[in-house]
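Okay, so here's the structure we're looking at.
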Amino acid sequence: MPATRECPDTMPMPETALLSDLNDRSREVFRRVVEAYLATGEPVGSRTLTREMTEKVSAATIRNVMQDLELLGLLDHPHISAGRMPTQLGLRLFVDGLMEAGPVSASDREMIDETLDGNRETGVMLDRVSTALSALTQGASLVLMPKQEAPVRHIEFVSLAPDRALVVLVFADGRVENRVFAPPPGHTASSMREAANFLNAVAEGRTLAELRRSIAREIEASRQKLDGIAAQLVSSGLALWEGESTDPRLIVRGRANLLAHELADLDRIRSLFDDLERKRDIAEFLELAEQGEGVRIFIGSENKLFSLSGSSLVVSPYMNADRKIVGAVGVIGPTRLNYGRIVPIVDYTAQLVGRVLSGRKG
Numbered sequence: 051m052p053a054t055r056e057c058p059d060t061m062p063m064p065e066t067a068l069l070s071d072l073n074d075r076s077r078e079v080f081r082r083v084v085e086a087y088l089a090t091g092e093p094v095g096s097r098t099l100t101r102e103m104t105e106k107v108s109a110a111t112i113r114n115v116m117q118d119l120e121l122l123g124l125l126d127h128p129h130i131s132a133g134r135m136p137t138q139l140g141l142r143l144f145v146d147g148l149m150e151a152g153p154v155s156a157s158d159r160e161m162i163d164e165t166l167d168g169n170r171e172t173g174v175m176l177d178r179v180s181t182a183l184s185a186l187t188q189g190a191s192l193v194l195m196p197k198q199e200a201p202v203r204h205i206e207f208v209s210l211a212p213d214r215a216l217v218v219l220v221f222a223d224g225r226v227e228n229r230v231f232a233p234p235p236g237h238t239a240s241s242m243r244e245a246a247n248f249l250n251a252v253a254e255g256r257t258l259a260e261l262r263r264s265i266a267r268e269i270e271a272s273r274q275k276l277d278g279i280a281a282q283l284v285s286s287g288l289a290l291w292e293g294e295s296t297d298p299r300l301i302v303r304g305r306a307n308l309l310a311h312e313l314a315d316l317d318r319i320r321s322l323f324d325d326l327e328r329k330r331d332i333a334e335f336l337e338l339a340e341q342g343e344g345v346r347i348f349i350g351s352e353n354k355l356f357s358l359s360g361s362s363l364v365v366s367p368y369m370n371a372d373r374k375i376v377g378a379v380g381v382i383g384p385t386r387l388n389y390g391r392i393v394p395i396v397d398y399t400a401q402l403v404g405r406v407l408s409g410r411k412g
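With this note's numbering, the residue at position 237 of the sequence shown is 287, and numbering never jumps.
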């Protein structure tokens, strides 16, 4: 499973020679320490490894190997008498050179597939994808929604109640988005039709961003022809989409899952929650991560955004029918993530989302 990490917010990649310099025994000790740590979150002692090694060696021999690995910066120990655990460098070396990423299990695949069944609105579908990713990985999931670049095909206003209405946008690529808003007092079915007709006349062939830039002067030029309430409908209905242009469309699910991983370090979790609230920063980072194909893994301080909380991020971009990257899906959690399972899940989800979105084109 390819996993790249070239990005402006990463550390230099460890020398590949470091792994090749290890003999078979050192490599096996290192691999077993990392795998045990990822499974339990606890340091691993030499006596534990004596029962698992391929060759029969003493605990003293394993301790010597661990000391050598520690000198190389691959292992560390929290206390003098404790076992060893991988450093960030060790985790990076393991992920790049020793990790075995298996296929997505049938049950995991089924859960992801179910989120994409049916002809749901894109936003609803991706919200379900995010929820499923969080549940499967027991981490927090991130989904950066597609950029709104397709031309607007049709706009409609629907009255829900005297104080609530719906604005519906249909894009040329088949995507449908809608928002509930408070319409101006005194709106009628006639004023809604007038507002929709006005917007559809000026929106044809324009993207939402282009429509935003021109709508103000269009209203001013047509003020004499456009009823006052209809003009207010246009302004209040589009105000919701104005917000979308400044607030990145990022879905974050599963914050509570992170508490189960690090109950002893609430300050770190609190720092991570603060990071997750900065959706604009995360969205900008994910857009940087979109610059290459394939799954990307950022461990600890390799990702400056989450460096204080020491978290890991596994992320993959997804593409539309034109093979253009339009969004990303990812999972964030502690550095001891089960990378071998999570990497293929993120990769499969990104590919599936891309195929579904591509099928909606036209």
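Virtual Cβ for every residue (Gly too), placed ideally from N, Cα, C.
In the three-state reduction of the DSSP assignment, glycine 380 falls in the strand class, which pools E and B. When secondary structure is reduced to three states using DSSP, asparagine 353 falls in the coil class, being assigned neither helix nor strand.
With respect to valine 365, leucine 336 sits close: the two C-beta atoms are nearer than 9 Å. Look at leucine 219 here: in three-state DSSP terms it is strand. Per the coordinates, the alpha-carbon of proline 128 lies some 16 Å from the alpha-carbon of leucine 139. Cβ-Cβ separation between glycine 189 and glycine 383: approximately 3 Å, consistent with a contact (criterion under 8 Å). At the C-beta level, valine 230 and leucine 210 come within 9 Å of one another. With contacts defined by Cβ atoms closer than 9 Å, glutamate 120 and arginine 75 do not form a contacting pair. Going by beta carbons, threonine 385 and leucine 141 fall inside the 9 Å limit. Pairwise C-beta distances place the segment 150-159 out of contact with the segment 106-116, as fewer than three of them are shorter than 8 Å.
Between the beta-carbon of leucine 300 and that of isoleucine 347 there is about 20 Å, and that puts the pair past the 8 Å contact cut. In the structure shown, glutamate 227 falls within a strand segment according to DSSP collapsed to helix, strand and coil.
If you draw a 10 Å sphere on the C-beta of leucine 186, you find 16 or more other C-beta atoms in it, and that means buried. Taking a C-beta distance under 9 Å as the contact criterion, glutamate 206 and alanine 246 qualify as a contact pair. The DSSP-derived three-state label of glutamate 254 is coil. Look at arginine 305 here: in three-state DSSP terms it is coil, with no helix or strand label.
Within the same chain, Asp213, Arg214, Ala215, Ser286 come within 8 Å of alanine 232 by CB-CB distance, once the 5 residues on both sides are set aside. Valine 94 sits away from glycine 147, with the two beta carbons spaced by 9 Å or more. The Cβ atoms of valine 226 and valine 217 do not sit closer than 9 Å to each other. Between proline 394 and alanine 151 a beta carbon distance of about 5 Å is seen, short of the 8 Å cut, so the two are scored as contacting.
A direct Cα-Cα distance of roughly 50 Å separates isoleucine 319 from serine 241. For methionine 369, the enclosing beta strand (DSSP E) starts and ends at 361-369. Less than 9 Å divides the Cβ of valine 284 from the Cβ of phenylalanine 248.
Annotation: valine 115 is outside any beta strand (DSSP E); the continuous alpha helix (DSSP H) that includes it extends over 109-121. Residue environment for serine 191: buried (at least 16 other C-beta atoms within 10 angstroms of its C-beta). Burial is judged here by how many other beta carbons sit within 10 angstroms of a residue's own beta carbon; glycine 236 has fewer than 16 and is exposed.
Shown here for arginine 97: same chain residues with a beta carbon closer than 7 Å to its own, the five before and five after excluded, namely Ala109 in chain order. Separation of valine 396 and leucine 124 (C-alpha to C-alpha, rounded to the nearest whole angstrom) is 27 Å. Positions of the beta strand (DSSP E) runs, each at least 3 residues long and wholly inside the segment 141-224, are given as 190-194, 202-211, 214-221 in order along the chain.
Note that the C-beta distance between valine 79 and proline 136 is not below 9 Å. Assigned with DSSP and collapsed to three states, arginine 243 falls in helix. DSSP, reduced to helix, strand and coil, places proline 233 outside both helices and strands of the structure shown, so it counts as coil. Pairing valine 403 with methionine 161, the inter-Cα distance amounts to about 13 Å.
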